[in-house]
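Peer 1: Taking my numbering, the leading residue of the first sequence gets 1463, the next gets one more, and so forth. There's a structure below that I have some questions on.
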Amino acid sequence: MQGRVITKKFFNRQTCVVAENLIGKYLVRRRGRKIIAAMITEVEAYDGVKDRASHAHKGRTERNKVMFGPAGFWYVYFVYGMHWMLNVVTGDRGYPAAVLIRGVQGVSGPGRVTKFFHINGSFSEKPSAKASGLWIEDRGAAVEKSAIKKITRIGVAYAGPVWSKKKYRFLYDNKS
DNA sequence: ACGATGATGAAC
DNA sequence: TTCATCATCGTA
């Protein structure tokens, strides 16, 4: 099974638009001859320096610099001493934004996603493309907008009353 | 409900 | 160089 590889143009839009449209796409990983693929079911958007929940809020640092670059690159970072988080950079160069991939079909939670796909920090700053071994495909899955729930982000209480309540989490719910 | 576990960034 | 914090998860 294969689909159309998603390219930069898709990612170079407003981060919430990219986030919503990532639901139903497939995350694909190649390791040697083996392919791992699963449909994306949950994501979160992080939108600019103004977003108090975003790593970019405190400005450019060694860790988050890829967020300030062009769209379509991976941002992978380590948290809580044990988990890798997978994000893809969105929007224009100079505008720091990204989408966190929180879940795929059968795998719930961002730390579990990276474990399942064997993703670590070595992917950070690499492009989402076949050449990097990690990319996203459109496999034609039909996802109705009404099946996508927009809810608050997880683990961002530190962002304050306004930014922690933004409905920047997109969850595919085919039970509704 | 809570501890694991270590990189990161800011303060000193 | 020290320290608090952290876009989480497994076990209880």
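By construction, the Cβ of each residue, glycine as well, lies at the ideal position given by its N, Cα and C atoms. Remember, predicted model here, so these are calculated numbers, not experimental data.
1. What are the uninterrupted segments assigned as beta strand (DSSP E) that are 3 or more residues long and contained completely in the segment 1585-1635, given in chain order?
2. Can you give the beta carbon distance from Arg-1514 to Gly-1602, rounded, assuming they're within the 8 Å contact cut?
3. Would you please state the rounded distance, in angstroms, between the beta carbons of Pro-1572 and Ile-1581? I believe it to be under 8 Å.
4. Out of Val-1550, Tyr-1557, Arg-1525 and Val-1618, which has the shortest C-alpha to C-alpha gap to Ile-1452?
5. Specify the secondary structure class of Thr-1477 as computed by DSSP and reduced to three states.
6. If I follow the unbroken beta strand (DSSP E) through Phe-1711, where does it start and stop?
7. By alpha-carbon positions, which one of Ile-1613, Lys-1577 and Trp-1546 ends up nearest to Cys-1478?
8. Tell me which residue opens and which closes the alpha helix (DSSP H) that Arg-1574 is part of.
9. In whole angstroms, what separates the C-alpha of Tyr-1542 from that of Lys-1611?
10. Taking Ala-1518 as the reference, which of Val-1480, Leu-1489, Thr-1552 and Arg-1493 has the closest Cα?
Peer 2: Reading off the structure:
1. Runs of the beta strand (DSSP E) inside the segment 1585-1635: 1596-1600, 1610-1613 and 1631-1634.
2. The C-beta distance from Arg-1514 to Gly-1602 rounds to 37 Å, too long to meet the 8 Å contact threshold.
3. About 10 Å; that fails the 8 Å criterion.
4. Here the chain covers residues 1463 to 1638 and nothing more, so residue 1452 does not appear.
5. Note: Thr-1477 maps to helix in three-state DSSP.
6. Residue 1711 falls outside the range modelled here, since the chain spans only 1463 to 1638, and no answer is possible.
7. Residue nearest to Cys-1478 within the set Ile-1613, Lys-1577 and Trp-1546 is Ile-1613 (criterion: CA-CA distance).
8. Per DSSP, Arg-1574 belongs to the alpha helix (DSSP H) from 1572-1579.
9. C-alpha separation (whole angstroms): 27 Å.
10. Nearest option by C-alpha distance: Thr-1552.
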